[in-house]
Ligand code: FES
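In my numbering, the protein residues as written are 3 to 66.
What follows is the structure in structure tokens.
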């Protein structure tokens, strides 16, 4: 699904960025320009970002 309609950024794009090392909204902004127009996507983008970071953290705990 599209998270940022203004910049055509999907949740898959955000998840891929997190897998590539993005950990902050600033990193997503730098890569996708999320939130640079209307800003309505910021809360949803942050939710997707946080959920993906939690998934990664949970995976790392299981490995360790
Ligand atoms: S929906 Fe992301 S800036 Fe408008």
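Just so it is clear, CB atoms sit at the ideal spot from N, CA and C, and this is done for glycine as well.
Every value quoted in this text rests on a predicted model; they were computed, and no experiment measured them.
Tell me, which residues are paired with residue i by DSSP?
i: residue 12; result: 4
Is residue i buried or exposed, if buried means 16 or more other CB atoms sit within 10 Å of its CB?
i: residue 15; result: buried
i: residue 37; result: buried
i: residue 40; result: exposed
i: residue 47; result: buried
For the alpha helix (DSSP H) that contains residue i, what are its first and last residues?
i: residue 29; result: 27-34
By Cβ distance, which residues of its chain are closer than 7 Å to residue i, with the 5 residues on each side in sequence left out?
i: residue 35; result: 9
i: residue 13; result: 3, 5, 50
Considering only residues of the same chain and omitting the five flanking positions on each side of residue i, which have a CB-CB separation below 6 Å?
i: residue 11; result: 5, 34, 36
i: residue 24; result: 30
i: residue 44; result: 37
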